[in-house]
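Notes follow the structure.
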Ligand SMILES: [Mn+2]
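Numbering (my numbering), first residue to last: 15 to 362.
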């Protein structure tokens with residue numbers, strides 16, 4: 015047990031402590047966070063591989079009192095160190111992916127080009143390697159009896175974690191907060207693209223009985239088709255429909271209850287920060303106008319919790335600090351989102 019007698023939750027967060035300024039070691043913490051500094055297939059702006067450290071820094075400023083889950087932090091939260099080799103690999107493969115994307119943007123075809131074919135193979139193998147690494151890391155933590163959360167990185171990062179959870183939980187749902195449907199098959203030729211995460215989850219993890227998407231407002235024909243063809247496994251709450259429902263008199267409470275009613279008993283949350291209004295995440299990789307206030311999503315979490323559903327894991331992804339470093343709102347919002355999900359993970 016951690017000795018909390020010398021820890022003052024009202025005082026400044028000590029740099030020598032771990033995330034949120036908390037004094038728990040990995041062994042002592044009930045919830046362990048795995049940072050995944052990875053952004054290989056991002057299609058627009060970069061920076062999200064630095065997300066975990068930006069969130070960690072901003073988390074020092076989060077006040078520990080949470081009226082929704084009082085004293086949750088006493089269960090212990092701990093973030094593992096950022097793996098430098100994973101980041102290096104990401105930086106290298108990012109350059110390979112960039113060559114391919116530039117070629118595609120110029121109207122080129124990758125299969126005609128031997129060099130780019132090699133690069134594509136390398137990127138896809140790297141994606142598979144990352145999945146295995148995340149799978150191993152999170153499987154080990156789950157075996158030790160830890161609760162686990164993942165901090166990305168781009169949205170491809172949680173695949174191995176969701177796979178690890180599927181070894182333990184025969185049936186669960188995924189609640190995805192996102193501007194994008196992420197249901198593209200091998201976007202830009204990248205099998206493990208951030209834009210393909212939920213396609214891969216649906217195709218490869220049958221234990222995910224239901225995917226419930228919320229806030230979606232940027233999608234293509236292929237994705238709409240997949241949603242329409244899989245009504246039993248995918249329920250999509252488009253941003254436009256949610257807003258129109260509200261314009262016509264529905265309350266947010268009613269919308270949240272509808273969303274939660276689509277989910278099975280066990281729930282995993284996949285939180286792409288771009289699901290929020292871009293004013294709250296201006297530096298994220300692919301911002302889209304529309305989306306939610308933070309309080310709206312927190313109220314959705316509260317509704318989920320109240321319904322008696324069990325939260326079995328979560329990820330937070332696509333947080334990027336951009337050029338403003340510590341001063342950016344992105345990290346500050348990310349840290350608060352992370353704290354709320356940590357608290358609900360340990361809430362009774
Ligand atoms: Mn996404």
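For every residue, glycine included, the Cβ atom is placed at its ideal position computed from N, Cα and C. All figures in this text were calculated on a predicted structure; none of them were measured in a lab.
Distance CB(residue i)-CB(residue j) smaller than 9 Å
{"i": "residue 166", "j": "residue 331", "result": "yes"}
{"i": "residue 202", "j": "residue 57", "result": "yes"}
{"i": "residue 286", "j": "residue 181", "result": "no"}
{"i": "residue 35", "j": "residue 94", "result": "no"}
{"i": "residue 176", "j": "residue 188", "result": "yes"}
{"i": "residue 351", "j": "residue 314", "result": "no"}
{"i": "residue 349", "j": "residue 86", "result": "no"}
{"i": "residue 53", "j": "residue 208", "result": "yes"}
{"i": "residue 61", "j": "residue 305", "result": "no"}
{"i": "residue 318", "j": "residue 277", "result": "yes"}
{"i": "residue 158", "j": "residue 174", "result": "no"}
{"i": "residue 46", "j": "residue 155", "result": "yes"}
{"i": "residue 325", "j": "residue 164", "result": "no"}
{"i": "residue 122", "j": "residue 134", "result": "no"}
Any non-hydrogen atom of ligand 1 within 8 Å of residue i CB
{"i": "residue 200", "result": "no"}
{"i": "residue 237", "result": "no"}
{"i": "residue 331", "result": "yes"}
{"i": "residue 169", "result": "yes"}
{"i": "residue 60", "result": "no"}
{"i": "residue 194", "result": "yes"}
{"i": "residue 344", "result": "no"}
{"i": "residue 208", "result": "yes"}
{"i": "residue 291", "result": "no"}
{"i": "residue 253", "result": "no"}
{"i": "residue 211", "result": "yes"}
{"i": "residue 181", "result": "no"}
{"i": "residue 105", "result": "no"}
{"i": "residue 288", "result": "yes"}
Proximal residues to residue i (C-beta, below 7 Å), its chain only, five neighbours per side dropped
{"i": "residue 205", "result": "138, 141"}
{"i": "residue 43", "result": "90, 91, 92"}
{"i": "residue 301", "result": "288, 292, 295"}
{"i": "residue 303", "result": "292"}
{"i": "residue 316", "result": "82"}
{"i": "residue 192", "result": "227, 229, 230, 286, 288, 289"}
{"i": "residue 169", "result": "196, 208, 211, 286, 331, 332"}
Proximal residues to residue i (C-beta, below 8 Å), its chain only, five neighbours per side dropped
{"i": "residue 251", "result": "226, 227, 228, 229, 230, 269, 272, 273"}
{"i": "residue 198", "result": "207, 209, 210, 213, 234, 236, 237"}
Contacts around residue i, its chain only, beta-carbon distance under 6 Å, and the 5 residues preceding and following it disregarded
{"i": "residue 345", "result": "68, 69, 72, 335"}
{"i": "residue 222", "result": "188, 215"}
{"i": "residue 74", "result": "27, 35"}
Inter-residue CB distance, residue i and residue j (contact presumed, cutoff 8 Å)
{"i": "residue 329", "j": "residue 152", "result": "About 10 Å; that fails the 8 Å criterion."}
{"i": "residue 327", "j": "residue 358", "result": "Between residue 358 and residue 327 the Cβ distance is about 11 Å, and since that is not below 8 Å, they are no contact."}
{"i": "residue 353", "j": "residue 22", "result": "Actually they do not touch by this definition, with Cβ atoms about 18 Å apart."}
Query - Every unbroken beta strand (DSSP E) inside the segment 24-94 [3 residues or more] - result: Segments of the beta strand (DSSP E) lying fully in the segment 24-94: 45-50, 91-93.
Report task. List in chain order: all unbroken alpha helix (DSSP H) runs of 4+ residues lying wholly within the segment 239-280. Result -> Listed in chain order, the alpha helix (DSSP H) elements of length 4 or more contained wholly in the segment 239-280 are 253-261, 266-275.
**Report entry** Continuous beta strand (DSSP E) assignments of at least 3 residues falling wholly in the segment 281-349
**Finding:** Complete beta strand (DSSP E) runs here, min 3: 324-331.
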